[in-house]
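Notes follow the structure.
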Amino acid sequence: MTTLVTNVAIFRDGEVLLQKREDFEVWCLPGGHVENSESAAQAAVREVREETGFEVELTCFVGLYYHPGLDGLGMHNALFSARLLGGTLQCDPGETLDARFFPVHALPPDTVWWHQQRILDAAAATSGGGQAWQQNVTQPHDPTRSRQKVYAQRDASGLSRAAFFMQEFGNPALAAVKLEVGQLPPPAHT
Numbered sequence: 009m010t011t012l013v014t015n016v017a018i019f020r021d022g023e024v025l026l027q028k029r030e031d032f033e034v035w036c037l038p039g040g041h042v043e044n045s046e047s048a049a050q051a052a053v054r055e056v057r058e059e060t061g062f063e064v065e066l067t068c069f070v071g072l073y074y075h076p077g078l079d080g081l082g083m084h085n086a087l088f089s090a091r092l093l094g095g096t097l098q099c100d101p102g103e104t105l106d107a108r109f110f111p112v113h114a115l116p117p118d119t120v121w122w123h124q125q126r127i128l129d130a131a132a133a134t135s136g137g138g139q140a141w142q143q144n145v146t147q148p149h150d151p152t153r154s155r156q157k158v159y160a161q162r163d164a165s166g167l168s169r170a171a172f173f174m175q176e177f178g179n180p181a182l183a184a185v186k187l188e189v190g191q192l193p194p195p196a197h198t
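Structure, rendered in structure tokens:
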């Protein structure tokens with residue numbers, strides 16, 4: 009069974025908004041699960057508001073990404089880009105420790121690896137979309153373990169949350185990433 013989630017890349021002056029997750033203390037794009045009564049676009053706007061306090065307007069559907077999730081569920085992730093409309097930065101204490109803008113080509117080292125490609129894709133997209141990626145995360149242990157079990161293992165590990173995340177989910181070989189639909193954007197000029 010798969011689940012649908014969203015992420016939103018919000019750009020300002022060449023920088024992208026990232027949130028630091030509470031559960032693993034790593035940086036990622038804001039987003040979350042699509043509820044039964046909403047579209048992916050509605051979920052994207054809601055999740056940004058809940059996690060950061062910002063109001064956004066979605067400007068582009070960037071692509072669809074897939075990776076195995078916890079609890080044995082696959083995750084299809086709809087990525088949008090957006091512009092800020094307003095609001096004040098207010099982190100949701102149950103999900104977000106911090107949120108701030110970072111230069112697209114100078115992300116924090118503890119940024120979730122699979123979000124790095126998404127950020128580059130969103131930065132290169134001007135309108136429309138059309139990429140679908142398969143990003144297979146090789147899990148060193150039972151891939152059907154629940155999120156609660158992973159959290160218990162994290163807490164018992166003696167490692168920092170970020171170190172535990174990198175140990176468990178790390179950065180797999182590039183062979184685990186496959187562009188299924190669309191074309192790669194041209195290289196950025198530096």
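Its first residue numbered 9, the sequence shown is counted upward by one per residue in the working numbering. Note that beta-carbon positions come from the ideal geometry of N, C-alpha and C, so glycine has one too.
Check the C-beta distance from residue i over to residue j and give it rounded, since I have them as a contact under 8 Å.
| i | j | result |
| --- | --- | --- |
| Gly40 | Thr14 | 7 Å |
| Val120 | Cys36 | 4 Å |
| Val56 | Pro38 | 5 Å |
If you compare alpha carbons, which of the options is closest to residue i?
| i | options | result |
| --- | --- | --- |
| Gly94 | Arg29, Asp106, Ala133 and Val64 | Val64 |
| Arg20 | Ala51, Pro111, Asn44 and Gly178 | Pro111 |
| Arg153 | Trp122, Met174 and Leu81 | Leu81 |
For residue i, which residues of its own chain have a beta-carbon under 7 Å away from its beta-carbon, when the five flanking residues on both sides are left out?
| i | result |
| --- | --- |
| Ala130 | Ala17, Val70, Leu87 and Ser89 |
| Glu58 | Asp100 |
| Phe109 | Arg20, Glu23, Val24 and Leu25 |
Among the residues of its own chain, which have a CB less than 6 Å from the CB of residue i, if the five just before and after it don't count?
| i | result |
| --- | --- |
| Asp106 | Lys28 |
Can residue i and residue j be called in contact, C-beta distance under 7 Å?
| i | j | result |
| --- | --- | --- |
| Ala164 | Asp118 | no |
| Leu12 | Val42 | yes |
State the Cα-Cα distance for the pair residue i and residue j, rounded to the nearest angstrom.
| i | j | result |
| --- | --- | --- |
| Glu176 | Glu23 | 29 Å |
| Thr104 | Gly77 | 20 Å |
| Gly166 | Thr67 | 42 Å |
| Pro116 | Ser45 | 35 Å |
| Leu26 | Ala49 | 19 Å |
| Phe62 | Leu92 | 7 Å |
| Gln98 | Asp31 | 17 Å |
| His84 | Trp122 | 13 Å |
| Gln125 | Phe172 | 22 Å |
For residue i, which residues from the same chain have a beta carbon less than 8 Å from its beta carbon, with the 5 sequence-adjacent residues on both sides left out?
| i | result |
| --- | --- |
| Ser168 | Glu33 |
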